[in-house]
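Protein chains in written order, with our numbering: chain E, 14 to 218; chain A, 14 to 218.
No residue lacks a Cβ here, since even glycine has one placed at the ideal position from N, Cα and C.
Since the model is a prediction, treat every value here as computed from it, not as a measurement.
Report on the structure given below.
Protein chains: 2
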Amino acid sequence: MVKTKEENTENKILEAAKRIFQQKGLFGARMQEIADEAGINKALLHYYFRSKDLLFEAVFTQAIGMMAPKIDNLLNSDMPLEYKIKHISEQYITFLNKHPYLPNFVFHELNRNPKFLEKMALQEKLPGLDGLKRQLDQLIVEGKIIPISAEQLFINILSLNIFPFIGKPLLKVVTKSSEEDFEALIEERKVFIADFIMNAITVKS
Amino acid sequence: MVKTKEENTENKILEAAKRIFQQKGLFGARMQEIADEAGINKALLHYYFRSKDLLFEAVFTQAIGMMAPKIDNLLNSDMPLEYKIKHISEQYITFLNKHPYLPNFVFHELNRNPKFLEKMALQEKLPGLDGLKRQLDQLIVEGKIIPISAEQLFINILSLNIFPFIGKPLLKVVTKSSEEDFEALIEERKVFIADFIMNAITVKS
DNA sequence: GTCTATAGCCAGATAGAC
DNA sequence: GTCTATCTGGCTATAGAC
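This is the structure we're talking about:
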């Protein structure tokens with residue numbers, strides 16, 4: 014009987030490293046801390062991943078890999094625009110609720126070291142805007158939505174979905190929300206964001 | 014003749030520390046690096062600020078102090094809502110263009126250590142949503158805007174203005190923008206964001 | 001106030017037994 | 001594969017001359 018994925022050491026380390034790196038960043042994390050979290054000792058970390066940098070890279074690559082497909086889905090599926098916008102927020106927010114540290118982690122490290130994006134050959138993996146652009150042009154010609162650039166709409170969709178997770182500490186204070194209040198606000202956004210965007214771009218008859 | 018603000022040592026250190034901390038974060042920054050940037054030696058940093066933590070705190074407090082008044086302006090000035098929304102983006106984006114590392118820095122550190130917000134007694138300095146709420150209620154009753162919660166509108170305004178600066182590395186790649194292209198996109202948003210929001214909340218006659 | 005030199009600590013990495 | 005013990009370098013912080 015082979016060990017399950019959760020039980021083997023390499024995976025235990027990755028899971029522990031994920032938790033620690035995502036909360037503290039590359040420089041804030043300690044190898045000892047990760048070892049403790051994984052229930053093993055420091056030497057084993059180096060046995061499996063050679064160095065802190067390489068362990069970090071493994072965690073970071075996996076994190077990007079979790080966020081990218083969701084974006085691709087928004088941009089390049091064949092569903093109608095309204096359907097996609099109505100469902101992207103629900104999917105994305107549900108996903109981020111399970112991984113609340115992810116946006117802060119990914120964007121902080123990307124800003125610190127943008128060459129991650131090139132280095133990992135993500136240009137080829139990351140989707141472009143061509144699909145969305147075609148879809149928008151069509152709807153604009155039909156007079157169904159106002160003229161809007163795919164770039165700006167895309168930036169808005171991502172902003173509205175992701176920023177609340179990054180800005181949570183500040184937003185909680187300004188909106189005077191308890192933890193439960195804020196969770197409710199986020200939950201509400203699963204439909205609120207889509208309505209807001211559709212209102213903004215739909216041509217009223 | 015007294016030294017100008019820019020020339021005195023304490024201020025040279027603060028400016029240098031700001032640049033380094035904002036790019037690398039508390040743990041990524043090195044005291045030696047800050048000393049070099051300020052054109053002095055490490056010992057002087059400790060002479061003026063005692064420790065790395067205290068120097069960091071000085072920089073961070075100042076950073077928060079730069080962002081908060083802009084938010085207060087949005088929430089608690091007496092101007093009409095449409096005027097405020099139309100001008101907040103222009104002001105905020107102009108400001109962030111001059112301090113592009115600020116959002117990433119502030120929100121990363123707030124997530125790492127949310128007690129900064131309480132510790133600095135910012136609850137009293139940070140504005141609440143009461144003013145905006147009253148303004149919205151009035152407009153809703155008059156039938157000029159759709160029913161919308163002040164909390165959600167506030168989160169949206171902040172998201173649309175701030176996120177592009179945090180997400181820049183990713184957004185540049187996905188939108189296939191050069192540095193100049195992306196700057197143009199941001200510039201465009203000074204008016205685009207306001208139009209987008211007003212479209213979303215205005216009741217069409 | 002500003003400098004050089006150094007103390008003291010801590011974290012990443014390795015050696016080597018089992 | 002997994003452990004304990006240890007090396008090594010680098011970083012914050014301080015001592016002390018000027």
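Below-9 Å beta-carbon distance, residue i vs any chain E residue
i: HIS121(A); result: yes
i: VAL154(A); result: no
i: ARG125(A); result: yes
i: GLY141(A); result: yes
i: GLY78(A); result: no
i: ILE179(A); result: yes
i: LYS83(A); result: no
i: ASN169(A); result: yes
i: LEU130(A); result: yes
i: TYR105(A); result: no
i: GLU164(A); result: yes
i: PRO182(A); result: yes
i: PHE205(A); result: yes
i: GLY52(A); result: no
i: PHE62(A); result: no
i: ARG32(A); result: no
Own chain partners of residue i with C-beta closer than 6 Å, once the 5 adjacent residues on each side are dropped
i: ILE210(A); result: ILE98
i: MET14(A); result: With a pLDDT of 47 at MET14(A), under the threshold of 50, the modelled position of that residue is not reliable, and no figure is offered here.
i: LYS146(E); result: ALA163
i: PHE118(E); result: GLN35
i: LEU68(E); result: ALA30, PHE62
Minimum Cβ-Cβ distance from residue i to chain A less than 9 Å
i: ALA213(E); result: yes
i: GLY144(E); result: no
i: VAL72(E); result: no
i: VAL186(E); result: yes
i: SER172(E); result: yes
i: SER190(E); result: yes
i: GLN36(E); result: yes
i: LYS111(E); result: no
i: ASN117(E); result: yes
i: PHE108(E); result: no
Continuous alpha helix (DSSP H) stretch holding residue i: start and end
i: GLU28(E); result: 22–41
i: ASN110(E); result: 94–111
i: SER172(E); result: 163–179
i: LEU198(E); result: 192–214
i: PRO116(E); result: 115–125
i: ILE47(A); result: 44–51
i: ASP150(E); result: 143–154
i: LYS128(A); result: 128–132
Own chain partners of residue i with C-beta closer than 7 Å, once the 5 adjacent residues on each side are dropped
i: ILE161(E); result: LEU149, ILE214
i: ILE164(A); result: Looking at the sequence provided, one finds Glu at residue 164(A) rather than Ile. LEU142.
i: GLN104(E); result: LYS83
i: LEU139(E); result: ALA81
i: SER102(E); result: ASN174, ARG202, LYS203, ILE206, ALA207
i: LEU183(E); result: none
Other residues of its chain near residue i: CB distance less than 8 Å, five sequence neighbours each side excluded
i: LYS181(A); result: PRO113, PHE195
i: LYS157(E); result: THR215, VAL216
i: GLN45(E); result: LYS55
> Are the stretch 199–216 of chain A and the stretch 172–179 of chain A touching, with three or more C-beta to C-beta distances below 8 Å?
Replying inline: yes
> Is the stretch 60–75 of chain E touching the stretch 27–38 of chain E, taking contact as three or more C-beta pairs under 8 Å?
Replying inline: yes
> Does the stretch 20–32 of chain E come close enough to the stretch 48–61 of chain E to have 3 or more Cβ pairs within less than 8 Å?
Replying inline: yes
> Where are the alpha helix (DSSP H) runs, 4 residues long or more, that stay fully inside the stretch 51–85 of chain E, in chain order?
Replying inline: 55–62
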